[in-house]
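Undergrad: If you read the protein sequences in the order shown, they are chains A, B, C and D. Start counting the first sequence at 59; every next residue gets the next number (this note's numbering). Start counting the second sequence at 59; every next residue gets the next number (this note's numbering). Start counting the third sequence at 59; every next residue gets the next number (this note's numbering). Start counting the fourth sequence at 59; every next residue gets the next number (this note's numbering).
4 protein chains.
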Amino acid sequence: MGRAPVRIGMVGLGRMGKRHADNLARRVDGAELVAGCSPIDDETAWAREVLGVGASYRELAELLRHPGLDAVVLATPAIVHVDQIVSALEAGKHVFCEKPLALDLADCLRVEEAAARHPDKIVMVGFVRRFDPSYRDAYRHIEAGGIGRPFLVRSQTGDQLDPSGFFVRFAPTSGGIFLDCSIHDIDLARWFLGNPRPRRVFATGVVAVHHDLTAVGDVDNGVAVVEFAEGRLACLYASRTLAHGHDTHTEIIGTAGSLMVGQNPRRNRVEIADAHGVRNLCVADFYERFKEAFLLEIQEFVDCVRAGTPPPLTLRDATEATRIGLALAEGQRSGRVVELAELGG
Amino acid sequence: MGRAPVRIGMVGLGRMGKRHADNLARRVDGAELVAGCSPIDDETAWAREVLGVGASYRELAELLRHPGLDAVVLATPAIVHVDQIVSALEAGKHVFCEKPLALDLADCLRVEEAAARHPDKIVMVGFVRRFDPSYRDAYRHIEAGGIGRPFLVRSQTGDQLDPSGFFVRFAPTSGGIFLDCSIHDIDLARWFLGNPRPRRVFATGVVAVHHDLTAVGDVDNGVAVVEFAEGRLACLYASRTLAHGHDTHTEIIGTAGSLMVGQNPRRNRVEIADAHGVRNLCVADFYERFKEAFLLEIQEFVDCVRAGTPPPLTLRDATEATRIGLALAEGQRSGRVVELAELGG
Amino acid sequence: MGRAPVRIGMVGLGRMGKRHADNLARRVDGAELVAGCSPIDDETAWAREVLGVGASYRELAELLRHPGLDAVVLATPAIVHVDQIVSALEAGKHVFCEKPLALDLADCLRVEEAAARHPDKIVMVGFVRRFDPSYRDAYRHIEAGGIGRPFLVRSQTGDQLDPSGFFVRFAPTSGGIFLDCSIHDIDLARWFLGNPRPRRVFATGVVAVHHDLTAVGDVDNGVAVVEFAEGRLACLYASRTLAHGHDTHTEIIGTAGSLMVGQNPRRNRVEIADAHGVRNLCVADFYERFKEAFLLEIQEFVDCVRAGTPPPLTLRDATEATRIGLALAEGQRSGRVVELAELGG
Amino acid sequence: MGRAPVRIGMVGLGRMGKRHADNLARRVDGAELVAGCSPIDDETAWAREVLGVGASYRELAELLRHPGLDAVVLATPAIVHVDQIVSALEAGKHVFCEKPLALDLADCLRVEEAAARHPDKIVMVGFVRRFDPSYRDAYRHIEAGGIGRPFLVRSQTGDQLDPSGFFVRFAPTSGGIFLDCSIHDIDLARWFLGNPRPRRVFATGVVAVHHDLTAVGDVDNGVAVVEFAEGRLACLYASRTLAHGHDTHTEIIGTAGSLMVGQNPRRNRVEIADAHGVRNLCVADFYERFKEAFLLEIQEFVDCVRAGTPPPLTLRDATEATRIGLALAEGQRSGRVVELAELGG
């Protein structure tokens, strides 16, 4: 490529942060992972020892003063995303931030304003599915007219049941199942349907297994319908309780055909014929399913930074997905049909 | 079997009536098709000449006086179902009636009352999918505990696009897409979820292709959510515009697994590998998909009549499905969440 | 139809005989099952009591004197097929005979000669797969040029492992795995490839589970290659030891595409997603797989008899399949490539 | 890892060489691509300019004198493999060589002898499928007893028809379809069956499309059977003429189940439902199918070099596969069953 690599600081080195760091250190062309940042010393030590990352910081503010730093990648709790993005922008850094951007519309708008003040900086939010080769292929097929005019997206995010109920402990701060899981499906629906204007939503759900969720007003299985302008619809499902594995799939229905992406979440190309019938095992979690997409996503961010071109998804996309997600959460809580106009934005 | 066959009169000899007549004349054990009834002489002539049916009538009232008649099978327009069932019951005949029972709740109740006055007579409504071997097998698997406690049914009825728009002409009297198509999915949801009490529904839809439907307030693609008591849900989709064929399928999700019935509507066991990829052709219409079920259904009716045992689905089932279907239609028209309590029944 | 039904005597009322009798008594248009014939009184009693068959005989010779008898259906041991067919022909009856026609080429030719002396009588051998709707659909697709010129058939007959080893007791008289199982695949290969002239065969096999077979020179898994004239091939596999069910499938490869029939022997349209992955159960035996084809086959025989038209498969087809099957058996025994010219016929 | 990277010279920079070079330069942990070697200046220029490879050579002998070189990767014509491996070994380098090792048994043995004289050097031949995640998963499932005792491998290598007949020009030096394509299937069969001793082979084939092959004694579709000791078999198919894409798949049949790897060569997770039915597109060529495996394979080579551990597949494996491939080629030419003992080795 000839150009200098993008010098990146990784912020947050938990489960997802480690994965991003590993990609940045070994597999992303044109990136140099120059620093790790985490309040947990074991995590920065891991980056130093396993990945050979030269610098470690406990605070974002310190990292932002790292000489020559070009960009930060944030894999931190959602609650701090907005402040961190704004700080990084003000320090003149490009930002990649894991989803969700925020759990509040005003926060999303605050980031948009900060970004507007720094138009030469790239801010990209991690809607990873847009980088999955299968979803990309589906998008191209649709763009080429392969299914006529798309008008309905049915999409689900389904996690395998974790009997330990690990996620239940995070439920109070997750924003609920729709903001935590369906946000990806919302983004896909907007993408495949051509960014139509959302008008109304209906959402509901049940607690099938994790009865502790009732206390915090959340559910472990939710369904929702989003009405967009111009006769477009999305129908969503999110589950925390699937038996067979992580099952995320999407159907895009058009006037001349439909596409299914990931219908059977097969682990690989092996099929087993035995006393259980003919079968395939399934991917265990979203990372097994989207491992390649996580690499392609961060590569795209780095490529955009180097080329100075805008990223394929904008902050507006993240705000809009959040706005719809918030409407779904409100709908599920209230039992009402929620008009998007109520929420502003 | 020893017992005398059930002597049956077939009422309505249009497309579906001919199929029932053909089954009754040739394939149903213990049945004797003794008469055909239609105001169209060509239709009764067909029954006489092709099937060798001995008697022909223009009016139901005449048929009901046919000596020795035991039962009638109704494949007539929905609008006349209720009067015909009541007449047949009052004449002391068993009745099998094609779905829908009625497009109005009061009518359903009127039939229930008539049936209550004739407790020795069987009245069975044609929810044909309950007799499909795959749906039956799914039911047994669930009953045996194979998926834990079922709590969510996702089900769709999808017709292949008919560019002639034939069905549009019948839209004004069909009751709309939910009463015409989704009624089957509603019945399946009730069956698989253990007949839970419906509480609220949300329904919406779009006109994707058949723009003439707008004038009559109908849509060609509809989605709906039904909330039942005790944490159970159904999520429905109905379409008149599919490109690949008739695609009816159902997913039943439980706490320990899920079942899919008919996911890929394959025509048969042939797969083609050619320039289009690896593929299978699809069933063209509901009859190709449910041909065997139509035979098993009418066989079951005849067996119940002969054995004097109640049929596996009751008039109450038909009333309940209609009640939910009416709520969906009202929801789609009004844009409101509809409480089932509003509709009475 | 107008014409008189074909009056049929069922010869052999064991497992397969009962199935044919049940079809003839209840489901075949234009057939009348007038008599049952078996040396076992319980079997003829079953036909009388369950199916209402009026006459019972212990000997074929007696059955052939039944007044007005038009045809016989033979589901007897292979060893008696030839004598029975010749007797029936000489008595002026049409004959349907279960496969295999014979285990010896001279016997096949003897039947052909007898049939030639009675050209007005129909003799049809039960290669049931030709009547399976999926195989028929594949044939039509090929005839219409859908895969270009077909040049290779890969086909297998696989039975589910029966731990009781029931079939082992019949192995000494079965003719071996190729004549017992692969004969169907041979017939399909000839059909799909346009009846090419066979030139050479290679066959081999292993005893994987049923070690008692070694004593009789048979195997429980066999593979074979058949070279036909004009650049056509068949590659066959037969197994007695499959874990997942009865798995019969066929691939036809042409210059512009290929077809697979029955690749995954799914029991029905149900898929299960649970701790074992995503899976489908399989058909248990050949009858579950080919139940519909058995009915269509015997219906075709009856239709041919009534219409006086030749059946779609000829005695020559049965002879040719047997000739190739015998070559495979000889190849497996001797370890040699066997030239078909060696076997005469 | 801490240790110094393995300094590698890439020999041959054609289509496959470029892919290996790209992996070595960007994606293989612990590798440093220090030099490119090709008689074609454009190719070494590409390595220099695109990958930043520092040194370029026209001759292997020069490359072997490159200071500090640890290993070479050979993606050169098969005809020179043996001399190049021997030279590299004598220069004290580790060697990774693309398949086939050689087209002659004496050559294979000559490499084995050279390797025996340099026991501290690693020589690994590129049977890439062993590194494919799906094939590896299948192997683990078998090792864990998941299908009982494996006794039959059916495996195919099928290339999409190239109407330009490009490959035909290389047919005279390819060793024929069995040595060029089936060698991979042979290696898999040996791997899955536990390296059984081969006893006899039968091979045949047809020219379906590429009639120019007849002149060189090759075929474009071949089938073969390999008998191993102790009741094990392999049944192989190779094709140059498939319509739907590159279709390589393998079935391993055991006494308690079977595995299929790659049965439907789906391109990705997208399914299309349209006027052609329900379908998926297919991988176009072996590289699209095995791209990940090529990376894992070369990573494994580098890991072995660094760790000083023997590679998972040995030169003996390559010799054995070649020996069987030569027997198949002889079988196809001669029409005879070929005893492996005839070939020595």
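For each residue, glycine too, the CB sits at the ideal point set by N, CA and C. Keep in mind it's a predicted model, so treat the numbers as computed, not measured.
(1) Please give the ranges of any beta strand (DSSP E) in the region 207 to 253 of chain B, keeping only runs that are unbroken, at least 3 residues long and fully inside the region.
(2) If you follow the alpha helix (DSSP H) that B/R327 is part of, which residue opens it and which one closes it?
(3) When you compare each of C/L91, C/E107 and C/S96 to C/A129 by their alpha carbons, which one comes out closest?
(4) Could you give the DSSP three-state label for D/H78: helix, strand or coil?
(5) Which of the three DSSP states, helix, strand or coil, is assigned to A/R188?
(6) Is A/N279 close to chain D? Criterion is C-beta to C-beta, closer than 8 Å.
(7) Please determine if the region 179 to 186 of chain B and the region 213 to 226 of chain B are in contact, where contact requires at least 3 C-beta pairs separated by less than 8 Å.
(8) Since C/V169 is in the alpha helix (DSSP H), which residue starts that stretch and which ends it?
(9) If I measure Cβ to Cβ from C/R381 and keep anything under 8 Å in the same chain, skipping five residues before and after, which residues do I get?
(10) Measuring alpha carbon to alpha carbon, tell me which residue in C/F154, C/L384, C/R116 and C/Y193 is nearest C/R362.
(11) Measure the CB-CB distance between B/R347 and B/T306 and report whether it falls below 8 Å.
(12) At what residues does the beta strand (DSSP E) containing C/C95 begin and finish?
(13) Measuring straight from C-alpha to C-alpha, what distance separates B/H199 and B/I205?
(14) Hey, would you say B/F185 sits closer than 8 Å to B/H242, going by beta carbons?
(15) Is the distance from the Cβ of D/H139 to the Cβ of D/I356 below 8 Å?
(16) From the DSSP secondary-structure annotation, give me the bridge partner or partners of C/G67.
(17) What residues in its chain sit with their C-beta under 6 Å from that of C/A404, if we drop five residues either side in the sequence?
(18) Less than 8 Å between the CB atoms is what I'm expecting for C/V283 and D/F286, so what's the real figure, rounded?
(19) Quick one, which of C/G88, C/R290, C/R84 and C/L251 has its alpha-carbon nearest C/A196's?
(20) So, are the CB atoms of C/A83 and C/L118 less than 8 Å apart?
(21) Does B/V363 come out as helix, strand or coil in the three-state DSSP assignment?
(22) Give a yes or no on whether the minimum CB-CB distance between A/A331 and chain C is below 8 Å.
(23) In this structure, how does DSSP classify B/E288 when only helix, strand and coil are distinguished?
(24) Let me see if you follow: with CB-CB separation under 8 Å, is A/A266 close to chain B or not?
(25) Assess contact between the region 358 to 373 of chain D and the region 331 to 348 of chain D, defined as three or more Cβ pairs (one per stretch) separated by less than 8 Å. Is contact present?
(26) Alpha carbon to alpha carbon, how far is A/M74 from A/F228?
(27) Taking beta-carbon pairs under 8 Å, can you tell me which members of the region 271 to 303 of chain D lie near chain B?
(28) Tell me where the beta strand (DSSP E) around C/A261 begins and ends.
(29) Once the 5 residues before and after C/G60 are set aside, which same chain residues still bring their CB inside 8 Å of it?
(30) Sorted by chain position, which residues of the same chain lie with C-beta nearer than 8 Å to B/L147's C-beta, five sequence neighbours on each side aside?
(31) Between the Cα of B/S297 and the Cα atoms of B/S213, B/G203, B/V111 and B/G67, which residue gives the shortest distance?
(32) Label B/V319 either buried or exposed according to how many other C-beta atoms from any shown protein chain fall within 10 Å of its C-beta, with 16 as the threshold for buried.
(33) Nearest CA to the CA of A/G203: which residue from A/A292, A/P230 and A/I311?
(34) Assuming A/T102 and A/V211 form a contact by the criterion Cβ under 8 Å, report the distance between their Cβ atoms to the nearest whole angstrom.
(35) Taking only beta-carbon positions, decide if D/P369 is within less than 8 Å of chain A.
(36) So the candidates are C/L371, C/L353 and C/G335; which of them puts its Cα closest to the Cα of A/L300?
TA: From the atom records:
(1) 208 to 218
(2) Careful: B/R327 lies outside any alpha helix (DSSP H) and carries neither H nor E.
(3) C/L91
(4) helix
(5) helix
(6) Answer no: the Cβ-Cβ gap between A/N279 and chain D never drops below 8 Å.
(7) Verdict: no, contact absent.
(8) Run containing C/V169: L163 to R175, per the alpha helix (DSSP H) assignment.
(9) Close CB contacts of C/R381 within its chain, under the 8 Å cut and outside five residues either way in sequence, are with L163, C166, P256, L398, L401 and G403 (chain order).
(10) According to the sequence shown, residue 362 of chain C is Cys rather than Arg. The shortest Cα separation from C/C362 among C/F154, C/L384, C/R116 and C/Y193 belongs to C/F154.
(11) yes
(12) A89 to C95
(13) 8 Å
(14) yes
(15) no
(16) C/A93 and C/V130
(17) Chain C is shown only over 59 to 403; residue 404 of chain C falls outside these bounds and no answer can be derived.
(18) Their Cβ separation, rounded to whole angstroms, is 17 Å, which puts C/V283 and D/F286 out of contact at 8 Å.
(19) C/L251
(20) no
(21) helix
(22) Interface flag for A/A331 against chain C is set, since a Cβ pair is found closer than 8 Å.
(23) coil
(24) Between A/A266 and chain B, the shortest Cβ-Cβ separation is below 8 Å.
(25) no
(26) 16 Å
(27) Within the region 271 to 303 of chain D, the residues whose Cβ lies closer than 8 Å to some Cβ of chain B are L300, A301, H302 and G303, listed in chain order.
(28) P256 to V264
(29) Any reading at C/G60 must be qualified, since the residue scores a pLDDT of 48, below 50, and its modelled position is unreliable; no value is offered.
(30) V153, A172, A173, R175, H176, K179 and V181
(31) B/S213
(32) buried
(33) Comparing Cα positions, the closest option is A/I311.
(34) The Cβ separation is near 41 Å, so there is no contact.
(35) no
(36) C/G335
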